[in-house]
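*Asks:* What follows is a single structure, and I will ask about it in a moment.
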Amino acid sequence: MSRYNDAPADRRLPDELVESLVEIRHDLHAHPEVGYEEHRTSEVIQRELTAAGIEHVGGLA
114 MSRYNDAPAD RRLPDELVES LVEIRHDLHA HPEVGYEEHR TSEVIQRELT
164 AAGIEHVGGL A
């Protein structure tokens, strides 16, 4: 089990989801952007939301 996932068993995220979220976090930290200019970050988040089937409004950043 991942060290990032210490919740009780009935509230635990699947390890593959935790790993994916950690990869996204590392990617975002590897490509810092100036405040209010987070265009790449916005694209990454929108892509992940779309892949997860979550509706969202784009073009705000």
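Heads up, the sequence shown is in the working numbering, so the first residue is 114 and it goes up one at a time. Note that CB positions come from ideal geometry on N, CA and C, so glycine has one too.
Under the three-state reduction of DSSP, which class applies to Leu134: helix, strand or coil?
*Replies:* helix
*Asks:* Since Gly171 contacts Gln159 with CB under 8 Å, what's their CB separation in whole angstroms?
*Replies:* 5 Å
*Asks:* Which two residues bound the contiguous alpha helix (DSSP H) that contains His152?
*Replies:* His152 to Ala164
*Asks:* Is Leu162 closer than 8 Å to His152 when the C-beta atoms are compared?
*Replies:* no
*Asks:* Quick one: what does DSSP say His169 is sitting in, helix, strand or coil?
*Replies:* Under the three-state reduction of DSSP output, His169 falls in the coil class, being neither helix nor strand.
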